[in-house]
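>
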């Protein structure tokens, strides 16, 4: 989010359909005008609220998790259908960028009502008068935050944030399977306008990529990088989030049964990724471009903090020597000149764990946890990174599925999360034996399909002591072996490498 540097100094602890236009009434009025069909979804308190429990051989993790859970839940507010703080500590509201990065932690804590209400508030505030931008920051009561909004021509804007909101909706659906995320007319219109009218409005040179024209949001920025430097007309982090937004839109079209349009948008997403890998590379420097400058459109390949690490974070780059070298480039440059903004650090565990660099992921995770920062993104991402990165839990609630991949560091003998909410299911996941044994219990909900993943190539995996042929695939360039297991309600099953 837009920062005030004095508030963020911390010790250096080492994813064309046309929709009706949104009516031009106030954001606060429209955010409260929820449809009767969604009333139950928005007001019902999830039975999984705050139930998530971590136990482990590591007191470091149990104590850290307890702090993160307590701190994150203290950020929840009942206003305007439910919400939580996702902004600077002294601001009573939530910001596009922070909110999207806190969605997974919130989902794990059962804050589904809050996640949905906040998304709908952002969708409500997207208007033609604002160039199809929504508000960057919103007060708890649904009104514009004054520090970032003067009028519909003068407010903080960031292209990456708009695309990030759509991918956040996709992740919410993977956690909850909530049909409102697919069927709600307000959200359907928001998704469609973001990939259609919004892109058309901000693609000045006609190449299909939304552009910025300033180093700060008051003049429209296309990068999350808040360190002064080059002004970019096109930036890799905005391109990466646009690519993911197109993929998310294809996903929602597919969920609605519109397979033809879904295929079209998946193709558009793939073309953006292809264009990046084919043309956004500086052969002389041996690294990706972070963008093209404004107004000359000259290529820029210098380290750009978020502009750099959003390349692997959004899976914009393809696995191979280029990506491996670029991860080294990110790590080396960040270590040489770490950001003073703790928010920047919160992305790095996600980056390195996703690309199978677990030791680096653990290093950055520990820095974020050790900061014990009151900045809301810290506590929420600590929770999500334990679950989705260290334990490798990936939800697929619409299909009643979950996958796991243990990435415990050597000094953690075992780690268990209980009451993980995946749609209607309440599950337990446990990793132990140097990531060679994983157990899943389906405590409540429907029968569950579990994909048990293990690092490396293994022909056989034992299920409850009986051998089963495994399949092997590549996950961002690394071999992962897996088996599919059915876990009935009330059943506990165990997968082990022989």
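In this note's numbering, the protein residues as written are 253 to 750. Positions of the beta carbon are idealized from the N, C-alpha and C atoms, including for glycine. The structure displayed is predicted, hence computed values, not measured ones.
1) Is it the case that the stretch 494-512 contacts the stretch 370-381, given that we only count it when at least three CB pairs across the two stretches are under 8 Å?
2) Would you mind giving the Cβ-Cβ distance between residue 642 and residue 623, rounded to the nearest angstrom? I have them listed as a contact below 8 Å.
3) Could you give the DSSP three-state label for residue 656: helix, strand or coil?
4) Measure the alpha-carbon distance for residue 733 versus residue 381 and round it to whole angstroms.
5) Just to confirm, are residue 696 and residue 429 a CB contact at a threshold of 7 Å?
6) Rounded to whole angstroms, what is the Cα-Cα separation between residue 453 and residue 478?
7) Whole angstroms are fine: how far does the CA of residue 547 sit from the CA of residue 681?
8) Can you tell me whether DSSP reads residue 294 as helix, strand or coil?
9) Using 7 Å as the threshold, is the C-beta distance between residue 400 and residue 331 below it?
10) Just to confirm, is the Cβ distance from residue 447 to residue 507 under 7 Å?
11) Whether or not the stretch 647-663 and the stretch 327-342 are in contact is what I'm after, with contact meaning three or more pairs of Cβ atoms, one per stretch, closer than 8 Å; do they touch?
12) Nearest to residue 637 by CA position, among 347, 353, 303, 315, is which residue?
13) Give the DSSP-derived three-state secondary structure of residue 680 in the structure shown.
14) Under 8 Å: do the stretch 486-497 and the stretch 541-558 share three or more Cβ pairs, one atom per stretch?
15) Cα separation between residue 701 and residue 322?
16) How would you call residue 482, buried or exposed, if buried means at least 16 neighbouring beta carbons within 10 angstroms?
17) Could you please give the first and the last residue of the uninterrupted beta strand (DSSP E) stretch that includes residue 705?
18) Should residue 735 and residue 722 be called a contact, given that it needs their Cβ atoms to be closer than 7 Å?
19) Enumerate in chain order the residues of its own chain whose CB-to-CB distance from residue 591 is below 7 Å, with the five nearest sequence positions on each side excluded.
20) Compute the Euclidean distance between the alpha carbons of residue 677 and residue 694, then round it to the nearest angstrom.
21) DSSP three-state label for residue 365, please.
22) Report the residue from 337, 576, 418, 423 whose alpha carbon sits nearest the alpha carbon of residue 771.
23) Hey, which unbroken runs of the alpha helix (DSSP H) at 4 residues or more fall wholly within the stretch 560-596?
24) Alpha helix (DSSP H) containing residue 623: first to last residue?
25) What are the complete alpha helix (DSSP H) segments, minimum 4 residues, inside the stretch 506-535?
26) Looking at residue 408: is its Cβ nearer than 7 Å to the Cβ of residue 464?
This is what the structure gives:
1) no
2) Mapped onto the chain shown, residue 642 falls at position 390. Mapped onto the chain shown, residue 623 falls at position 371. Rounded, the Cβ-Cβ distance is 17 Å, inconsistent with contact.
3) One-based indexing of the chain shown puts residue 656 at position 404. Three-state result, residue 656: strand.
4) Taking the chain shown and counting its residues from 1, one reaches residue 733 at position 481. Taking the chain shown and counting its residues from 1, one reaches residue 381 at position 129. Answer to the nearest angstrom: the Cα atoms are 51 Å apart.
5) The residue given as residue 696 occupies position 444 in the chain shown. The residue given as residue 429 occupies position 177 in the chain shown. Not a contact, by the Cβ cut-off of 7 Å.
6) The residue given as residue 453 occupies position 201 in the chain shown. The residue given as residue 478 occupies position 226 in the chain shown. A straight-line Cα-Cα distance of about 24 Å links residue 453 and residue 478.
7) Counting from one through the chain shown, the residue named residue 681 turns up at place 429. Counting from one through the chain shown, the residue named residue 547 turns up at place 295. The alpha-carbon atoms of residue 681 and residue 547 are separated by roughly 51 Å.
8) Numbered from its first residue, the chain shown carries residue 294 at position 42. Residue placement at residue 294 is flagged as unreliable, the pLDDT there being 41, under the threshold of 50; the coordinate-derived value follows with that caveat. The answer is helix: DSSP assigns residue 294 an H, G or I state.
9) Position 148 of the chain shown, counting from 1, holds the residue named residue 400. Position 79 of the chain shown, counting from 1, holds the residue named residue 331. No. Outside cutoff.
10) What you label residue 447 is simply residue 195 of the chain shown in a count that begins at 1. What you label residue 507 is simply residue 255 of the chain shown in a count that begins at 1. Cβ atoms of residue 447 and residue 507: not closer than 7 Å.
11) Because the criterion of three Cβ pairs below 8 Å is not met, the stretch 327-342 and the stretch 647-663 do not touch.
12) Position 385 of the chain shown, counted from the start, is the residue given in the question as residue 637. Of the listed residues, the one whose Cα sits closest to residue 637 is 353.
13) Reading the chain shown from its first residue, position 428 is the one you call residue 680. Residue state, collapsed to three classes: strand.
14) yes
15) Counting from 1 along the chain shown, the entry for residue 701 is found at position 449. Counting from 1 along the chain shown, the entry for residue 322 is found at position 70. In a straight line, the C-alpha of residue 701 is about 31 Å away from that of residue 322.
16) The residue you call residue 482 lines up with position 230 of the chain shown. Around the beta-carbon of residue 482, 16 or more other beta-carbon atoms lie within 10 Å, marking it buried.
17) Here residue 705 is taken as the residue at index 453 of the chain shown, counted from 1. Here the beta strand (DSSP E) through residue 705 covers 700-707.
18) Here residue 735 corresponds to residue number 483 of the chain shown, with the count starting at 1. Here residue 722 corresponds to residue number 470 of the chain shown, with the count starting at 1. Yes, the pair counts as a contact, with Cβ atoms nearer than the cut-off.
19) On the chain shown, residue 591 is found 339 positions in, with the first residue counted as 1. For residue 591, where only same-chain residues beyond five positions count, the Cβ hits under 7 Å are 557, 597.
20) Locating residue 677 in the chain shown gives position 425, counting from the first residue. Locating residue 694 in the chain shown gives position 442, counting from the first residue. Approximately 7 Å, taken between the alpha carbons.
21) To locate residue 365, count along the chain shown from 1; it is residue 113. Note: residue 365 maps to helix in three-state DSSP.
22) Lying before the first or after the last residue shown, residue 771 is absent from the chain, which here runs from 253 to 750.
23) Within the stretch 560-596, the runs of alpha helix (DSSP H) that reach at least 4 residues and sit entirely inside it are, in chain order, 573-588.
24) The residue you call residue 623 lines up with position 371 of the chain shown. Where residue 623 is concerned, the enclosing alpha helix (DSSP H) stretches over 610-623.
25) 511-531
26) Counted from its first residue, the chain shown places residue 408 at position 156. Counted from its first residue, the chain shown places residue 464 at position 212. For residue 408 and residue 464, no; Cβs fall outside 7 Å.
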